[in-house]
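Novice: Just so you know, we're using the numbering used here here: the sequence shown kicks off at 22 and counts up by one. Below you'll find the structure I mean.
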Amino acid sequence: METLTGAHFVWMTIFKVVLFFTLLMLMVGGVVMFERKVAGFIQDRSGPNRVGPWGLLQTMADGIKFLLKEETYPDAAQAVFYLLAPVMAMVPATILFAVIPFASPLPTGWGLVHMIVADVPVGFLYVLAIGSFGVYGVVMAGWSSGSKYAFLGGMRGSAQMISYEVGLALTLVPIVLLGGGVRIPDLISLQQGFTGQGPATLGMWLFLPLGVSFLLFFITGLAETKRIPFDLPEAEAELIAGYHTEYSAMKFGMFFLGEYAHMLTTAALITVFFLGGWDIPFWHGDNIRVLADGTVIGDPTWWKTVLTFLSFTIKTSLLVTVFVWIRWTLPRFRYDQLMELGWKFVIVAATAYVFVVAGSVLVLDRLGVHFGLPYAAILTGVNVVLLGLLLFVVDRGRLARGAAYTVTRGLGRASRRSGTGPAAAGRS
């Protein structure tokens, strides 16, 4: 079946844009409610339970409250940039979804509909370029508000996002080395066990053969969302509310929506890059490939589209659950720890890993290893060893030496700092 062309393609694209935005806003509302329920569970309380059955309409009530609240404008604010900042914070996270394929192609009476808004040939570069625009909303909000607390939050946010954007880009380079291109639908085909026409595939989700990239991308993606433990730009105990201190009503609501949309987008990107996208594990019936020239390989049907959409939704939802759980269980980093993690660990590890993957690919190609499961299995073994070394370096050998050594050493440092240890007694 051929893909849509002409007027049908235009109208279907408009329909997909409207559908995407509507679904994204509904999912954001669902994630907000889910997070509040999880927070209530962790804090041993019931969470929202007053508005609607089981409190399910609480998010809608919050949205109505934002719409009806009074709009405030600080006297010292730069009016144009002050109003533009919430838009700049929300739009990039929203339009990133345009290049994410969320299901297999859907056959219709007019032709084959690709379950992606924009199948651009530079999908990876689009993700990096649009994702980097989020920092403009943070800086603009902090500077234009005319508040020192908002300004400090904006500076923190810009430093954090720029630092981790470098690491984020480096973690995607090994995927390009394996995939041989930057088109995102091809990446899903790479992870499928496809045996038909077209380029060879690995037949394994990339979180195994590229485990280090998966770990580093998860860390940098979490930092890009500016959520605990990376919420330094809006640390309430230090900066009141950070860069959006001076915002109220729906302008604050747009920052709120942008944060959760960014979290959903990050989870969806991890799903596509490392968890096979809409691929259903251990089943080859969904091996449907759409090449860059529009050629379709496989047997697309409507029920396969439904199943693959459910697969994509489940994977993304599980990652969102992990993000929410992390927020309510981990403490916030200090600012120096945040920057040290980004510049001294993530960027260094990601750069070294690029060379390791490039060398591994070169050696395997020279040895004539078939590009498929054997290829992926060898890379998985290499990554298991690298992850062990990486965790040992981060842990500085504490786990290997035992918990008793760590506790004793920590108590010794604390006593020296407080002046209560043996050395302090000798000095007295």
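Glycine residues also receive a C-beta, built at the ideal position from the N, C-alpha and C atoms. Keep in mind it's a predicted model, so treat the numbers as computed, not measured.
What residue from Leu383, Pro113 and Ser125 has the CA that sits closest to Phe330's CA?
Specialist: Residue numbering aside, residue 330 sits at position 309 when the sequence shown is read from its first letter. The option with the nearest alpha carbon to Phe330 is Ser125.
Novice: Could you tell me if the beta carbon of Lys37 falls within a distance shorter than 8 Å of some heavy atom in the ligand HEM?
Specialist: As for the ligand HEM, it is missing from this structure, which has no ligand bound.
Novice: If the criterion is Cβ atoms closer than 9 Å, does the pair Phe294 and Phe123 meet it?
Specialist: Position 273 of the sequence shown holds residue 294. Position 102 of the sequence shown holds residue 123. Contact: no.
Novice: Report the residue from Glu245, Leu208, Thr266 and Thr192 whose alpha carbon sits nearest the alpha carbon of Val233.
Specialist: Your numbering for residue 233 matches position 212 in the sequence shown. Selected option, being the one with the closest Cα: Thr192.
Novice: Can you tell me which of Ala371, Tyr396 and Val367 puts its alpha carbon nearest to the alpha carbon of Ser381?
Specialist: Residue numbering aside, residue 381 sits at position 360 when the sequence shown is read from its first letter. The option with the nearest alpha carbon to Ser381 is Tyr396.
Novice: Which one of Phe55, Ala190, Glu267 and Glu186 has the shortest CA to CA distance from Trp75?
Specialist: Taking the first residue of the sequence shown as position 1, residue 75 is located at position 54. Trp75 has its Cα closest to that of Phe55, out of Phe55, Ala190, Glu267 and Glu186.
Novice: Classify Arg417 as buried or exposed, calling it buried when 16 or more other Cβ atoms lie within 10 Å of its own Cβ.
Specialist: Within the sequence shown, numbered from 1, the residue matching residue 417 stands at position 396. Classification of Arg417: exposed, given that the 10 Å Cβ count is below 16.
Novice: Can you tell me the Cβ-Cβ gap for Ile249 and Val367, rounded? I've got them flagged as a contact below 8 Å.
Specialist: If you number the sequence shown from 1, residue 249 lands on position 228. If you number the sequence shown from 1, residue 367 lands on position 346. The C-beta distance from Ile249 to Val367 rounds to 18 Å, too long to fall under 8 Å, and the pair is not in contact.
Novice: Nearest to Gly402 by CA position, among Val369, Pro352 and Pro230, is which residue?
Specialist: In the sequence shown, residue 402 corresponds to position 381, counting from 1. The shortest C-alpha separation from Gly402 is found at Pro230.
Novice: Please report how far the alpha carbon of Thr222 lies from the alpha carbon of Ile205, in whole angstroms.
Specialist: Position 201 of the sequence shown, counted from the first residue, corresponds to residue 222. Position 184 of the sequence shown, counted from the first residue, corresponds to residue 205. Whole-angstrom Cα-Cα distance: 14 Å.
Novice: Kindly provide the ranges of any alpha helix (DSSP H) runs that are 4 or more residues long and lie completely inside the stretch 31-71, ordered along the chain.
Specialist: Complete alpha helix (DSSP H) runs here, min 4: none at all.
Novice: So, with DSSP's three-state summary, where would you put Leu340?
Specialist: Stepping through the sequence shown from its first residue, residue 340 is reached at position 319. In the structure shown, Leu340 sits in a helix (DSSP, three-state: H, G or I).
Novice: Start and end of the alpha helix (DSSP H) containing Pro113?
Specialist: The residue labelled residue 113 in the question sits at position 92 within the sequence shown. Where Pro113 is concerned, the enclosing alpha helix (DSSP H) stretches over Ala100 to Ile116.
Novice: The alpha helix (DSSP H) with Ser165 in it runs from where to where?
Specialist: By 1-based counting over the sequence shown, the position of residue 165 is 144. Start and end: Gly155 to Ser165.
Novice: For Pro1, which three-state DSSP category applies?
Specialist: For residue 1 there is no data in the structure shown, the boundaries of the chain being 22 and 449.
Novice: So which of Asp96, Val138 and Thr287 has the shortest CA-CA distance to Lys37?
Specialist: Residue mapping note: residue 37 aligns to position 16 of the sequence shown, counting from 1. Answer by Cα proximity: Val138.
Novice: Consult DSSP for Val2 and reduce its assignment to one of helix, strand or coil.
Specialist: Because the chain here runs from 22 to 449, residue 2 falls outside it and cannot be looked at.
Novice: Hey, quick one: how far does the alpha helix (DSSP H) through Pro206 stretch, first residue to last?
Specialist: Against the sequence shown, residue 206 aligns to sequence position 185. Counting along the chain, the alpha helix (DSSP H) containing Pro206 begins and ends at Ile205 to Gln212.
Novice: Tell me whether the stretch 178-186 and the stretch 273-287 touch, counting them as touching only if at least three CB pairs, one residue from each stretch, are closer than 8 Å.
Specialist: no
Novice: Just the C-alpha distance for Phe62 and Leu312, rounded to the nearest angstrom, thanks.
Specialist: Within the sequence shown, the letter at position 41 stands for residue 62. Within the sequence shown, the letter at position 291 stands for residue 312. If I take the Cα positions, the gap works out to 46 Å.
Novice: Does the separation of the CB atoms of Ala110 and Val159 fall below 9 Å?
Specialist: One-based indexing of the sequence shown puts residue 110 at position 89. One-based indexing of the sequence shown puts residue 159 at position 138. With contacts defined by Cβ atoms closer than 9 Å, Ala110 and Val159 form a contacting pair.
Novice: Quick check for students: name the residue ranges of the alpha helix (DSSP H) that lie wholly in the stretch 353-402, counting only runs of 4 or more.
Specialist: 356-361 and 368-388
Novice: Quick check: the Cα distance between Thr93 and Gly152, rounded to an integer number of angstroms?
Specialist: Taking the sequence shown and counting its residues from 1, one reaches residue 93 at position 72. Taking the sequence shown and counting its residues from 1, one reaches residue 152 at position 131. Each residue's alpha carbon lies about 29 Å from the other.
Novice: So what does DSSP say about Ile318, is it helix, strand or coil?
Specialist: For this step, residue 318 is matched to residue 297 along the sequence shown. The answer is strand: DSSP assigns Ile318 an E or B state.
Novice: Exposed or buried, what is Met81 when buried is set at 16 or more other beta-carbons lying within 10 Å of its beta-carbon?
Specialist: Numbered from 1 along the sequence shown, position 60 holds the residue referred to as residue 81. It is exposed - the Cβ of Met81 has fewer than 16 other Cβ atoms within 10 Å.
Novice: I'd like to confirm the pairing. Which residues does DSSP put opposite Pro128 in its beta bridges?
Specialist: If you number the sequence shown from 1, residue 128 lands on position 107. Pro128 is bridged to Leu133.
Novice: For Arg177, which of helix, strand or coil comes out of DSSP?
Specialist: Looking up residue 177 in the sequence shown gives position 156. Reduced to three states, the DSSP call for Arg177 is helix.
Novice: Check each candidate in Tyr185, Gly214 and Trp226 and name the one with the smallest Cα separation from Ile196.
Specialist: Taking the sequence shown and counting its residues from 1, one reaches residue 196 at position 175. Ranking Tyr185, Gly214 and Trp226 by Cα distance to Ile196 puts Trp226 first.
Novice: Comparing alpha-carbon positions, which option in Tyr103, Leu385, Val377 and Ser168 lies nearest Tyr157?
Specialist: Taking the first residue of the sequence shown as 1, we reach residue 157 at position 136. When each option's Cα is compared against that of Tyr157, the closest is Tyr103.
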